[in-house]
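If you're matching positions, the sequence shown starts at 435 in our numbering and goes up one per residue. Even for Gly, the Cβ is constructed at its ideal location relative to N, Cα and C.
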Amino acid sequence: MGDAGRSLAAQAGAGLNVLPNELATRRLLLRAPQPADARKIFDAYTQSAEAARYMVWRPHAAVAQTEAFIAECIALFGEGARWPYILALHDAPDAPIGMLEARASGYTVDIGYVLAQAYWGRGLMPEAVDALAGAALAVPAFFRLQATCDVNNRNSARVLEKAGFTREGRLERFVVHPNISPEPGPSYMYARCR
């Protein structure tokens with residue numbers, strides 16, 4: 435790796451911002467979170483049991499939970515080692531429909547995502563994941579994007595496959611999805627590398 439690659443690897447490790455603040459796809463805008471997003475996200479999906487089914491968090495019972503979450507996302511985005519992007523349609527940039535987060539650790543970027551149920555089945559999340567993967571893998575410091583999904587979450591597995599990720603294996607007793615079980619369950623590991 436050249437000096438530029440080592441420099442970006444050091445920046446990524448030091449938490450400096452190496453991914454863009456915004457990404458655009460054909461239909462979507464991926465942008466930094468804003469305080470005004472909290473109420474809209476609560477209404478769109480954080481209070482939804484179905485949207486939270488395979489998440490590592492329980493549905494939010496009150497908008498105050500979502501406000502605290504968004505405040506944390508804003509602080510994290512500014513640090514640069516994590517990029518919790520808000521997803522919005524181009525024609526409604528102030529109406530969040532989901533989130534896609536990237537978390538850098540060394541040469542690897544872990545991703546996680548959630549989409550409001552009203553937008554499922556439209557190919558929006560594969561479009562967003564593909565755009566983020568392209569941007570991240572263009573950074574010399576990053577060689578691998580990875581994501582896990584519950585073995586029963588076929589829709590999430592399909593999102594990753596459509597975005598060019600390859601299933602690398604099954605991880606037993608890997609993560610607790612509290613909306614399914616209090617015990618850790620199995621997940622598939624997916625990756626996209628350069």
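Starting from residue i and walking both ways along the alpha helix (DSSP H), at which residues does that stretch end?
i, result
"residue 567", "558-571"
Is residue i a contact residue of the ligand MN, with contact defined as CB to any heavy atom under 7 Å?
i, result
"residue 498", "With respect to the ligand MN, the structure shown offers nothing to examine, as it has no ligands at all."
From which residue to which residue does the beta strand (DSSP E) around residue i run?
i, result
"residue 522", "516-523"
"residue 595", "Residue 595 -> not in any beta strand (DSSP E); alpha helix (DSSP H) instead, spanning 588-596."
"residue 541", "Segment: none, residue 541 is in no beta strand (DSSP E) and carries neither H nor E."
Could you tell me how far apart the beta carbons of residue i and residue j are, in whole angstroms, since I believe they sit closer than 8 Å?
i, j, result
"residue 580", "residue 625", "4 Å"
"residue 567", "residue 598", "7 Å"
"residue 609", "residue 617", "Going by Cβ atoms, the distance from residue 609 to residue 617 rounds to 10 Å, so no, they are not a contact pair."
"residue 526", "residue 464", "No, residue 526 and residue 464 are not in contact; Cβ-Cβ is about 14 Å, not under 8 Å."
"residue 545", "residue 536", "5 Å"
By Cβ distance, which residues of its chain are closer than 6 Å to residue i, with the 5 residues on each side in sequence left out?
i, result
"residue 475", "500 and 530"
"residue 605", "621 and 623"
Taking only three categories from DSSP, how would you classify residue i?
i, result
"residue 435", "Below a pLDDT of 50, predicted positions are generally treated as unreliable, and residue 435, at 38, falls in that range; no measurement from the model is reported."
"residue 617", "coil"
"residue 625", "strand"
Please go through the same chain and pick out, in chain order, the residues whose beta-carbon is closer than 7 Å to the beta-carbon of residue i, but skip the five residues on each side of it.
i, result
"residue 507", "467 and 518"
"residue 492", "486, 612 and 613"
CB-CB under 8 Å to residue i, same chain, minus the five flanking residues each way: which ones, in chain order?
i, result
"residue 552", "478 and 531"
"residue 542", "576, 577, 578, 579 and 580"
"residue 595", "601 and 624"
"residue 619", "584, 585, 607, 608, 609, 610 and 611"
Would you mind listing the beta strand (DSSP E) stretches within the segment 438-507 that are 3+ residues and don't spill past its ends, in chain order?
462-465
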